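Numbering (our numbering), first residue to last: 67 to 628.
Where is the CB? At the ideal position from N, CA and C, for every residue including glycine.
Fair warning: this is a prediction, and the values are worked out from it, not measured in the lab.
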Amino acid sequence: MENSESNNAPLDFIRAEITEDIKNNINDGRVHTRFPPEPNGRLHIGHAKAFCLNFSIAEEFGGKCNLRFDDTNPVKEEQEHVDAIMEDIKWVGWDWEDRLYFASDYFQQMYDWAVQLIKDGKAYVCDLTAEETREYRGTLTKPGKLSPYHNRSVEENLDLFERMKSGEFPDGARCLKAKIDMASPNINMRDPVMYRILHASHHRSGDKWCLYPMYDWAHGLEDSIEGITHSLCSLEFENHRPLYDWFLDQLDVHHPKQREFARLNLTYTVMSKRKLLKLVDGGFVSGWDDPRMPTISGLRRRGYSPASIRNFVKKIGIAKTDSLIDLALLEHCLRDDLNETSPRVMAVINPLKVIIDNYPDGQVEELDAINNPQDPDAGTRKVPFTKELYIEQDDFMEDAPKKFFRLSVGREVRLRYAYFVTCTGIVKDANGRITEIHCTYDPATKGGDAPDGRKVKGTLHWVSAAESLKAQVRLYENLFTNETPENTENDQDFTANINPDSLKISENCFVEKSLADTKPGDRYQFERLGYFCTDPDSSKDKLVFNRTVGLRDTWVKMQKQE
RNA sequence: UGGGGUAUAGUGUAACGGCAGCACGACAGACUCUGAAUCUGUUUGUCUAGGUUCGAAUCCUAGUACCCCAGCCA
67 MENSESNNAP
77 LDFIRAEITE
87 DIKNNINDGR
97 VHTRFPPEPN
107 GRLHIGHAKA
117 FCLNFSIAEE
127 FGGKCNLRFD
137 DTNPVKEEQE
147 HVDAIMEDIK
157 WVGWDWEDRL
167 YFASDYFQQM
177 YDWAVQLIKD
187 GKAYVCDLTA
197 EETREYRGTL
207 TKPGKLSPYH
217 NRSVEENLDL
227 FERMKSGEFP
237 DGARCLKAKI
247 DMASPNINMR
257 DPVMYRILHA
267 SHHRSGDKWC
277 LYPMYDWAHG
287 LEDSIEGITH
297 SLCSLEFENH
307 RPLYDWFLDQ
317 LDVHHPKQRE
327 FARLNLTYTV
337 MSKRKLLKLV
347 DGGFVSGWDD
357 PRMPTISGLR
367 RRGYSPASIR
377 NFVKKIGIAK
387 TDSLIDLALL
397 EHCLRDDLNE
407 TSPRVMAVIN
417 PLKVIIDNYP
427 DGQVEELDAI
437 NNPQDPDAGT
447 RKVPFTKELY
457 IEQDDFMEDA
467 PKKFFRLSVG
477 REVRLRYAYF
487 VTCTGIVKDA
497 NGRITEIHCT
507 YDPATKGGDA
517 PDGRKVKGTL
527 HWVSAAESLK
537 AQVRLYENLF
547 TNETPENTEN
557 DQDFTANINP
567 DSLKISENCF
577 VEKSLADTKP
587 GDRYQFERLG
597 YFCTDPDSSK
607 DKLVFNRTVG
617 LRDTWVKMQK
627 QE
């Protein structure tokens, strides 16, 4: 980073160390990171923290960041996830250029290095079953004991390992272990498994291998091969760092630094692969891209912008403390960006018919409306005004308190960009429900300003009854009712905390005509309601919008206080 | 109860022996053709107990709490 602004900005502990490394000319001052997802699920906002960290560090320090799929377990991984993951990272705004790598491409090199360790007497083939291995490993407080196969000759190990590779043995019959220390207080160092036999077809290497490397053995090698300088991962791998270092030291190859940071936790959200999968498979949501999911594809469909996600990640910082970030911060970043970038439009979700009694029948006036007050370059558009309109049901109250700035019989309000109107009466059906309200308008207030300078307290959004489009609007709330969904009563599953009202569909909505050609993914602010985006289910015949997030609403807050 | 890690406002995150700051939230007000945005102000914090020091969030000692590790998962 060369600008002075960033010199003043406090650095997180990782950037501070990298700055120091550059100063000390470690790796010739080179910075090279990587994001290594396993293609066994979709990326979520927690992964965004990790990949934004890796890509932005590379960018800031003039280095590079690789995308590498850590595909060492063929039984859990799929090409479909590989494609989705690449799409997600690109969408958030990062580019790995020509540096797309797969751990599976390094299998031969890893195998050769394993042979080298065997020759050096640092690895052996073990015939213990998985269960026996567990017994030999000992416990947290008791040391393990040496495998009976620990002292096999190099020749025998070489022969057996070769035959493991050639497919002679069934799954689980033998494995290759590193010879380290069965008494180590760090359980990861008690002769960890390097290879297991898996007669499974790999999504990239097919049936070439029936021997697959374990994470601890593979990961450092992958980093080393790619010339990574800083291998950033989450906290639970801190216990594995001695092993990461041990393998690279034994091989005497390029040795990146592994550094660990706390993963993201968000209130009202689950982040584990297992739980996300359960939501999808259990039919609790419509899929990985359900707008209530914290997946990148879910956020995208919900209407989040890439900038809002990047900014959020920047704001939460990087540290080693376990933390739980308030969803409100994510939503703040969302609104912050959408406020600047979203065109305004008028839409009515719960329509209430308004008849302007003194407005000419059949007349249509095209009024000027500002597209984005935050952005003068966004220009203006025309909205049609007619005798019959819709306003929001919440914007009318029969017995209105003084603090209610909206419409009530005898009160005057402004219809945005249109006229001042005064309510003269209401019509109810047999059940006492208000079916329509009657108003008069003041022709002198056209455009929304009164020439006599009189003020109104309230401005309402509206839509012409005849000159508008019908739409479906999907209103989302938190998927969970509990800040920490895994906290349940009576040992229930986290799904017990699912919010039954997380999705409400409003079929009878009306939007401005200017939305006729909207495309999936288009984002808008529906004035006074919130930010919305067009869903992929939307078509010219049936418009469908998702509520991304509501506007801050001090009126409902005031009501809740009472 | 072995080992590894972490403790700063409600939530995050700075301060690297020298005035505990910033963001989000909450609260109050100003402004407003969005009860939005914007602006202003207020509130709340160094895990505990000792020690070193002119001076400690920071160094030392002893505690406490929480997280991670006993997959042939990553």
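Pick from the options: whose alpha carbon is nearest that of residue i?
| i | options | result |
| --- | --- | --- |
| residue 562 | 336, 148, 327 and 223 | 336 |
| residue 409 | 219, 158, 596 and 147 | 596 |
| residue 618 | 602, 395 and 611 | 395 |
| residue 570 | 388, 358, 118 and 279 | 358 |
| residue 333 | 447, 285, 300 and 389 | 389 |
| residue 307 | 326, 345 and 539 | 326 |
| residue 552 | 564, 542, 282 and 541 | 564 |
| residue 450 | 430, 435, 467 and 460 | 430 |
| residue 560 | 548, 169 and 85 | 548 |
| residue 487 | 219, 494, 472 and 608 | 472 |
| residue 343 | 106, 433 and 625 | 106 |
| residue 539 | 303, 478 and 604 | 604 |
| residue 454 | 467, 506, 108 and 475 | 506 |
| residue 447 | 483, 414, 110 and 76 | 483 |
| residue 412 | 243, 91, 212 and 580 | 580 |
| residue 607 | 535, 320, 314 and 196 | 535 |
| residue 362 | 613, 609 and 153 | 153 |
Using only the alpha-carbon positions, how far apart do residue i and residue j sit?
| i | j | result |
| --- | --- | --- |
| residue 88 | residue 403 | 34 Å |
| residue 135 | residue 524 | 55 Å |
| residue 132 | residue 288 | 11 Å |
| residue 353 | residue 347 | 8 Å |
| residue 294 | residue 323 | 8 Å |
| residue 384 | residue 161 | 22 Å |
| residue 340 | residue 146 | 18 Å |
| residue 425 | residue 509 | 9 Å |
| residue 470 | residue 149 | 52 Å |
| residue 576 | residue 159 | 34 Å |
| residue 406 | residue 371 | 11 Å |
| residue 26 | residue 555 | Because the chain here runs from 67 to 628, residue 26 falls outside it and cannot be looked at. |
| residue 258 | residue 265 | 21 Å |
| residue 527 | residue 368 | 23 Å |
| residue 210 | residue 256 | 7 Å |
| residue 366 | residue 205 | 45 Å |
| residue 167 | residue 155 | 15 Å |
| residue 513 | residue 584 | 26 Å |
| residue 129 | residue 201 | 46 Å |
| residue 82 | residue 123 | 11 Å |
| residue 459 | residue 582 | 24 Å |
| residue 479 | residue 522 | 6 Å |
| residue 179 | residue 317 | 7 Å |
| residue 69 | residue 78 | Low per-residue confidence applies at residue 69: pLDDT is 31, beneath 50, and the placement is therefore not dependable enough to give any value. |
| residue 494 | residue 398 | 41 Å |
| residue 373 | residue 567 | 29 Å |
| residue 203 | residue 623 | 58 Å |
| residue 92 | residue 609 | 57 Å |
Please name the residue or residues paired with residue i in a DSSP beta bridge.
| i | result |
| --- | --- |
| residue 181 | Answer by DSSP bridge pairing: none, since residue 181 is not bridged. |
| residue 262 | 241 and 278 |
| residue 612 | 540 and 599 |
| residue 166 | 133 |
| residue 503 | 420 and 492 |
| residue 391 | 332 |
| residue 571 | 540 |
| residue 450 | 432 |
| residue 591 | 410 and 597 |
| residue 526 | 481 |
| residue 578 | 534 |
| residue 487 | 479 and 507 |
| residue 191 | 242 |
| residue 100 | 132 |
| residue 632 | The structure shown does not extend to residue 632, since the chain is modelled only from 67 through 628, so no value can be given for it. |
Rounded to whole angstroms, how far is the Cβ of residue i from the Cβ of residue j, which I believe are closer than 8 Å?
| i | j | result |
| --- | --- | --- |
| residue 462 | residue 418 | 6 Å |
| residue 601 | residue 611 | 7 Å |
| residue 253 | residue 230 | The Cβ separation is near 24 Å, so there is no contact. |
| residue 241 | residue 276 | 12 Å between Cβ atoms; not a contact. |
| residue 382 | residue 391 | 6 Å |
| residue 330 | residue 115 | 4 Å |
| residue 456 | residue 529 | 5 Å |
| residue 184 | residue 235 | Actually they are not in contact, since the Cβ atoms of residue 184 and residue 235 sit about 16 Å apart, beyond 8 Å. |
task = Enumerate, from N- to C-terminal direction, the unbroken alpha helix (DSSP H) stretches of 4 or more residues contained entirely within the stretch 410-442.
result = none
task = May I have a chain-ordered list of the beta strand (DSSP E) segments no shorter than 3 residues that lie completely inside the stretch 270-325?
result = 277-279 and 296-300
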